Amino acid sequence: MKVVAYKGQVLLITVLVLSIAVTIALSLIGRSVSDVSMGRNLEESARAFSAAEAGIEEALRTNTQATNTSYIPGAGYSSNIAVIGDTTGVYTLPTVTIGQADSVWLVGHTTLNAIDESSYYQNSTIDICWMHATPAPALEVTIYYKSGGTYLVTRGAYDPDVATRPSNNFSTVTDYDNVSGGCGAMTDVYRQTVTIPTGVGIIPLFMRIRPYYGNATVTVTPLGGEKLPKQGLEVSSVGCTQITASGCTEGGVTRKIVVRRQYAGPATVFDYSVFSQGSLVH
0 MKVVAYKGQV LLITVLVLSI AVTIALSLIG RSVSDVSMGR NLEESARAFS AAEAGIEEAL
60 RTNTQATNTS YIPGAGYSSN IAVIGDTTGV YTLPTVTIGQ ADSVWLVGHT TLNAIDESSY
120 YQNSTIDICW MHATPAPALE VTIYYKSGGT YLVTRGAYDP DVATRPSNNF STVTDYDNVS
180 GGCGAMTDVY RQTVTIPTGV GIIPLFMRIR PYYGNATVTV TPLGGEKLPK QGLEVSSVGC
240 TQITASGCTE GGVTRKIVVR RQYAGPATVF DYSVFSQGSL VH
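No gaps in the numbering here: position 42 of the sequence shown is 41 in numbering that gives the first Met the number 0, and each next residue is one more.
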């Protein structure tokens with residue numbers, strides 16, 4: 000009678016089963032550690048954001064250009080308010096999208112956010128630069144101003160693309176690659192020098208900048224040593240979870256929030272009007 004020995008096969012099967020079991024166990028342990036770590040990061044991130052939001056609220060409450068800090072166990076923030084504009088340097092707007100327009104004030108404001116006609120941009124020109132992009136954005140620049148007691152408007156449209164200018168009748172730009180070094184010596188930008196209405200009794204109020212064909216990142220630069228009037232306030236706040244008595248330290252989660260509170264301009268719907276000598280029929 001022939002006897003077959005299965006001892007080797009049983010041992011091999013046992014080793015394979017144990018290997019699979021160990022692999023599954025290690026996978027579950029690794030996943031648990033990963034889940035715990037991810038949960039901790041999400042929790043700390045939420046605390047850092049909450050602290051940063053508290054810093055924004057405190058900065059808006061105090062409404063002063065001073066640094067506000069709060070460092071308590073578990074979270075803290077450092078926030079401050081900075082003026083937008085009120086300088087001879089460049090002013091970069093948030094990206095302006097197609098179909099939208101942004102305003103640049105040429106007149107000052109009081110502490111109550113009312114227009115202050117005693118303070119305004121007095122140079123006859125100003126530089127506007129916008130980044131190269133595909134398709135090349137064209138800009139419409141509308142300037143609202145006051146002459147005596149009358150409110151007036153002047154418009155210009157500028158297109159760097161030679162292919163689209165014949166159909167839209169826009170003007171060419173002053174400089175295709177900013178070789179003159181304007182706008183703070185920016186590179187890869189189109190530059191247009193825009194004329195501002197000046198003269199006795201004339202007060203420029205604001206510019207409205209509207210892009211066509213593509214979104215535009217626009218920078219405005221005052222010329223002739225003039226300052227661009229104050230455009231509003233920028234509130235920034237940094238929240239963190241690893242702190243000491245002197246501030247945030249490395250090793251924890253840090254989050255930053257920036258809020259721009261610009262002076263409000265008239266609604267863009269008022270940029271256009273319809274005139275008819277007779278009645279209008281819908």
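Positions of the beta carbon are idealized from the N, C-alpha and C atoms, including for glycine. This one's a predicted model, so the numbers in the text were calculated from it and none came from an experiment.
Identity of the residues DSSP links to residue i by a beta bridge
| i | result |
| --- | --- |
| residue 79 | 235 |
| residue 67 | 78 |
| residue 128 | 190 and 218 |
| residue 155 | 140 |
| residue 145 | 150 and 202 |
| residue 86 | 227 |
| residue 49 | Answer is none; residue 49 lacks a bridge partner. |
| residue 44 | Paired residue(s): none; residue 44 is not in a bridge. |
Residue from the options with nearest C-alpha to residue i
| i | options | result |
| --- | --- | --- |
| residue 219 | 129, 148, 65 and 263 | 129 |
| residue 110 | 131, 240 and 229 | 229 |
| residue 112 | 242, 98 and 260 | 260 |
| residue 217 | 237, 270 and 136 | 136 |
| residue 215 | 97, 223, 69 and 186 | 97 |
First and last residue of the uninterrupted alpha helix (DSSP H) at residue i
| i | result |
| --- | --- |
| residue 165 | 164–167 |
| residue 184 | 181–184 |
Limits of the beta strand (DSSP E) - the one that residue i falls within
| i | result |
| --- | --- |
| residue 205 | 201–211 |
| residue 253 | 253–261 |
| residue 115 | 114–119 |
Assigned secondary structure, residue i (DSSP; H/G/I helix, E/B strand, else coil)
| i | result |
| --- | --- |
| residue 105 | coil |
| residue 17 | helix |
| residue 176 | coil |
| residue 331 | No answer is possible for residue 331: the residues shown for the chain start at 0 and end at 281. |
| residue 268 | helix |
| residue 110 | coil |
| residue 242 | strand |
| residue 248 | coil |
| residue 91 | strand |
Self-check item: Segment contact, 8 angstroms Cβ cut-off, at least three pairs: the segment 257–267 with the segment 98–106
Solution: For the pair of segments examined, the segment 257–267 was found to touch the segment 98–106: the number of CB pairs separated by less than 8 angstroms reaches three.
Quiz item: Is the segment 122–140 touching the segment 194–212, taking contact as three or more C-beta pairs under 8 angstroms?
Solution: By the Cβ rule, the segment 122–140 counts as touching the segment 194–212, because three or more pairs are nearer than 8 angstroms.
Quiz prompt | the segment 77–87 touching the segment 53–66, judged by at least three CB pairs closer than 8 angstroms | solution = Touching, yes, given that three or more Cβ pairs across the two stretches are closer than 8 angstroms.
Quiz item: Given 8 angstroms as the limit, is there contact between the segment 145–164 and the segment 186–203, that is, 3 or more CB pairs closer than that?
Solution: Segment contact: the segment 145–164 against the segment 186–203, three or more CB-CB distances shorter than 8 angstroms; contact assigned.
Self-check item: Three CB pairs or more closer than 8 angstroms across the segment 230–241 and the segment 40–47
Solution: Remark: three or more beta-carbon pairs, one from each stretch, lie closer than 8 angstroms, so the segment 230–241 and the segment 40–47 are flagged as touching.
Self-check item: Meets three-Cβ-pair contact criterion under 8 angstroms: the segment 195–204 and the segment 143–152
Solution: Output reads yes: the segment 143–152 touches the segment 195–204.
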